[in-house]
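In this note's numbering, the protein residues as written are 2 to 106.
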């Protein structure tokens with residue numbers, strides 16, 4: 002990618018340089034939220050993410066496509082207080098538990 006680079010910011014801003022940052026051009030962005038990070042695997046394929054949005058490009062940022070973020074409903078959480086000795090913990094402690102049915106932990 003040599004002299005190329007991308008940067009993102011407020012209001013969905015995406016900028017691109019081909020000369021190591023001496024000059025920058027705005028790229029068309031469909032985002033209106035702040036973008037926090039952008040990363041390219043090569044000159045064509047990149048991903049940008051921000052407040053509630055993930056975008057990707059396959060043409061060097063000429064076009065950005067929003068990808069879905071699947072929402073999961075929170076499930077009921079069951080908690081249990083454990084008495085663990087010695088207290089305070091050592092540098093490393095194993096805690097083992099047995100689930101009555103398959104579920105996320």
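Ideal placement from N, C-alpha and C gives every residue a C-beta, glycine not left out.
By DSSP's criteria, residue i is part of a beta bridge. Which residues make up the other side?
i          : result
residue 7  : 17
residue 51 : 36, 54
residue 66 : 57
residue 26 : 17
By Cβ distance, which residues of its chain are closer than 8 Å to residue i, with the 5 residues on each side in sequence left out?
i          : result
residue 60 : 45
residue 35 : 10, 11, 12, 13, 51, 52
Apart from the five residues just before and just after residue i, which ones in its own chain have a Cβ nearer than 7 Å to its Cβ?
i          : result
residue 33 : 12, 13
residue 22 : 6
Spatial neighbours of residue i within its chain, please: C-beta separation below 6 Å, excluding the five flanking residues on both sides.
i          : result
residue 26 : 17
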